Amino acid sequence: MTPTIAFDDFMKVDIRVGRIVKAEPFPEARKPAFKLQIDFGPEIGVKKSSAQITRHYTLEELEGRKVAAVVNFPPRQIGPVKSEVLTLGFPDADGEVVLVGVDRDLPLGGRLF
Numbered sequence: 001m002t003p004t005i006a007f008d009d010f011m012k013v014d015i016r017v018g019r020i021v022k023a024e025p026f027p028e029a030r031k032p033a034f035k036l037q038i039d040f041g042p043e044i045g046v047k048k049s050s051a052q053i054t055r056h057y058t059l060e061e062l063e064g065r066k067v068a069a070v071v072n073f074p075p076r077q078i079g080p081v082k083s084e085v086l087t088l089g090f091p092d093a094d095g096e097v098v099l100v101g102v103d104r105d106l107p108l109g110g111r112l113f
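For the sequence shown, full-length UniProt numbering gives the first residue as 1, with consecutive numbering after it.
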């Protein structure tokens, strides 16, 4: 377990809801992954992400799916892709990523609190 933090520390992490508008293969990745473009609404816009989610998801089922992502990390170069947000997920029993999802129709860009 990680150390206890203050609520103000948690609020420094900006987690928003977005909709995947494009999902593509990412054959250049070291581990199997997809390239994603996620729309976070007019305030943040469309951001790119790389996600190692090929075990549980197909490209077709990802488009239109709402996900949660950290939007205030600095961009990270992953091969030829600059990942601008960290798409969030939990590991299954085998350590494969299962996306954090949203079960209601929320406005894009809504912040987790």
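Glycine residues also receive a C-beta, built at the ideal position from the N, C-alpha and C atoms. All of these numbers come straight from a predicted model, not from anything done at the bench.
{"Check": "Pick out the complete beta strand (DSSP E) segments inside the UniProt domain \"TRNA-binding\" (9-113), 3 residues or longer, and give them in chain order.", "Outcome": "15-25, 34-39, 46-51, 66-70, 76-78, 81-83, 89-91, 97-99"}
{"Check": "Can you find a CB in chain B that lies within less than 8 Å of the CB of Pro42?", "Outcome": "No chain B appears in this structure, which consists of one protein chain only."}
{"Check": "Would you call the stretch 74-84 and the stretch 55-66 touching, i.e. three or more CB-CB distances under 8 Å?", "Outcome": "no"}
{"Check": "Within a Cβ cutoff of 7 Å, which residues of the same chain sit near Leu108, ignoring the five residues on either side of it in sequence?", "Outcome": "Val17, Gly18, Arg19, Asp39, Phe40, Gly41"}
{"Check": "Could you tell me which of Lys22, Pro74, Tyr57 sits nearest to Val98, measuring between CA atoms?", "Outcome": "Tyr57"}
{"Check": "Exposed or buried, which one is Val13 when buried takes at least 16 other CB atoms within 10 Å?", "Outcome": "exposed"}
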